[in-house]
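Single-structure report; data block below.
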Amino acid sequence: MKILGIETSCDETAASICVDGKILSSALSSQEIHSKFGGVIPELASREHEKTLNLIVHKALKESNLSLSDLDGIAVTQGPGLSGALITGTSFSKGLAVGLNIPIIGINHLEAHIFANFLAEPNLEFPFICLLVSGGHTQLWEIKNFMSYNLLGETRDDAAGEAFDKGARVLGLGYPGGPEIEILARKGNHQLVDFPRALLSKNNFEFSFSGLKTALLYYYEKNKDKRIEDIAASYQFAIIDVLVKKLKDAAEFTNSNNCVVAGGVAANQFLRLHSKKQMPQRNIIYPHPSFCTDNAAMIAFLGEKYLSIGKKSEIGFSILPNMRIK
Ligand code: KG4
Ligand code: ZN
């Protein structure tokens, strides 16, 4: 099938074409406008999607040598995400689907992040463990099969990406904070500060990062003379150490050899190195960094999986800003 995927849940406007499980194009426009505010401004995000969406869809089509009339279906992010941003993407997609008289399916953005791993490793086999680490979510999943998922645990407060973003703000860095902290941390000593790690008892798959951010705030206020690179490296290590320990625990608990890491934080190179070092006997898969952060390829890919077995949404379907994986 020839599927157009559309993603507008936050601040990336993205479109992609997936044909028979292969991504032919993945076009994306990152909204730079938010960086000066230190975070995403929802109203501005919707307006930017509105301005850019048509252009991005045509870019994706052109790069695939296809035209609108070639499409067999449309997949669009239904949630979770910012309401206005989701409405912009779904309304645009519904209009296209009606105009072209083709089916449309609303896709769960988080489920799509998990399935982005098949783009990295087409031979990935069920079951596998997925550590999903994005700006809004930190969850550990046991993925038994397509449409059969078991949530092992999730964060009680901040997500891992949020911990990076809030930490970066404390240190006076830009948004998004993950890449900023990672770049500084490369030149730092991660053993300078022993920041707290929460909920580390065996087989506890819940996370908590809000105390870590507060610890950074107190430390930084009292230690302005210390190298910021060392502080950033220690802070990054505290987040990643917890993520890797829990992933390792989950793999042992479920006796899973295959582990995948998805979501924006999966782009972090230190996380990749540390997990491979701590779990040498497991097969750990990371999507290409461009498929870790928000993109439409993962939406098109998962959309095709659903549409090809006859699943579709009613044209009046609503956005779900707090959508969860069932
Ligand atoms: O998946 P994503 O692009 O959007 C959401 O669905 O939330 O994730 C964005 C999050 C942000 O918090 C950002 O700081 C974090 O992913 N992130 C990173 C890196 N690149 C993006 N965190 C750590 N290291 C990175 N290299
Ligand atoms: Zn995302």
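Residue numbers (numbering that gives the first Met the number 0): 0 to 325.
From the three backbone atoms N, C-alpha and C, an ideal C-beta is built for every residue, glycine too.
No experiment lies behind these values; they were computed from the predicted model shown.
With a beta-carbon spacing of about 6 Å, residue 151 and residue 249 fall inside the 8 Å limit used to define contacts.
Excluding sequence positions up to five before and after residue 124, its CB lies within less than 8 Å of the CB of 257, all in the same chain and listed in chain order. In the structure shown, residue 143 adopts extended strand secondary structure according to DSSP, grouped into three states. In the structure shown, the three-state DSSP call for residue 7 is coil.
By the CB criterion at 8 Å, residue 269 and residue 181 fall inside the cutoff.
For residue 77, the enclosing beta strand (DSSP E) covers residues 72 to 78. Contact between residue 260 and residue 285 is confirmed by a C-beta separation of about 5 Å, below the 8 Å threshold.
Relative to the ligand KG4, even the nearest heavy atom lies 7 Å or more away from the CB of residue 83. In this structure residue 79 is in contact with residue 321, their Cβ atoms being roughly 6 Å apart against a cut-off of 8 Å.
Secondary structure within the stretch 195 to 259: not one fully enclosed beta strand (DSSP E) run of 3 or more consecutive residues is present. For residue 92, the closest of 116, 55, 62, 126 by C-alpha to C-alpha distance is 55.
Taking a contact to require three or more Cβ pairs closer than 8 Å, the stretch 163 to 178 and the stretch 190 to 199 do not qualify as touching. Note on geometry: alpha-carbon atoms of residue 112 and residue 138 lie some 12 Å from one another.
Membership of residue 21 in the beta strand (DSSP E) is indicated by the continuous run 21 to 29. Counting only runs of 4 or more residues that sit fully inside the stretch 95 to 124, the alpha helix (DSSP H) segments are 108 to 114, 116 to 119, in chain order.
Linking residue 31 to residue 7 through their CA atoms gives a straight-line distance of about 15 Å.
Leaving aside the five residues that flank residue 52 on each side, the residues in its chain whose CB is nearer than 8 Å to its CB run, in chain order, 5, 7, 12, 14, 87, 88, 91. By the Cβ criterion, the stretch 193 to 207 is in contact with the stretch 230 to 245, since at least three pairs of Cβ atoms, one from each stretch, lie closer than 8 Å.
One Cα belongs to residue 63, the other to residue 159, and the distance between them is close to 35 Å. Annotation for residue 289 indicates a beta carbon at 7 Å or more from all heavy atoms of the ligand ZN. Note on residue 213: under 16 other CB atoms within 10 angstroms of its CB, so exposed under the neighbour-count rule.
When the beta-carbon positions are compared, residue 2 and residue 59 stay at least 8 Å from each other. The beta carbon of residue 318 sits closer than 7 Å to the beta carbons of 77, 78, 82, 85, 86, 89 from its chain, once the five residues preceding and following it are set aside; these are given in chain order. CA-to-CA, the gap between residue 132 and residue 161 works out to about 10 Å. Beta-carbon to beta-carbon, residue 301 and residue 114 are separated by about 5 Å, close enough to satisfy the 8 Å threshold. A Cβ-Cβ distance of about 5 Å is found for the pair residue 104 and residue 311, placing them in contact under the 8 Å criterion.
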